[in-house]
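Novice: Numbering (my numbering), first residue to last: 18 to 77.
Have a look at this one.
Put into structure tokens, the structure is as follows:
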């Protein structure tokens, strides 16, 4: 089940603590902070267990 809380996928900080960027993936909505956006781009497998299907993503 999708968690609609506005918290970073990786560090779990919320929108009161850090800016958050919206990520839409497989018809679901997620959030990630700018500090962890490079993780999504360059090493998405680190989000395995946090972002469903992250293990299938290829680094950019």
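Every residue gets a Cβ at the ideal spot worked out from N, C-alpha and C, and that includes glycine.
Being a predicted model, the structure only gives us computed values, none of them experimental.
Measuring CA to CA, which of 41, 51, 45 is closest to residue 32?
Specialist: Among 41, 51, 45, the Cα nearest to that of residue 32 belongs to 51.
Novice: Please list, in chain order, all residues of the same chain as residue 23 whose beta carbon is under 8 Å from its beta carbon, the five residues on each side excluded.
Specialist: Cβ neighbours of residue 23 beyond the five flanking positions: 31, 32, 37, 48.
Novice: Give the DSSP-derived three-state secondary structure of residue 38 in the structure shown.
Specialist: Residue state, collapsed to three classes: strand.
Novice: Using the Cβ count rule (16 or more neighbours within 10 Å means buried), how would you classify residue 62?
Specialist: With fewer than 16 Cβ atoms within 10 Å of its Cβ, residue 62 is classed as exposed.
Novice: Can you tell me which residues form a DSSP beta bridge with residue 58?
Specialist: Its beta-bridge partners do not exist; DSSP assigns none.
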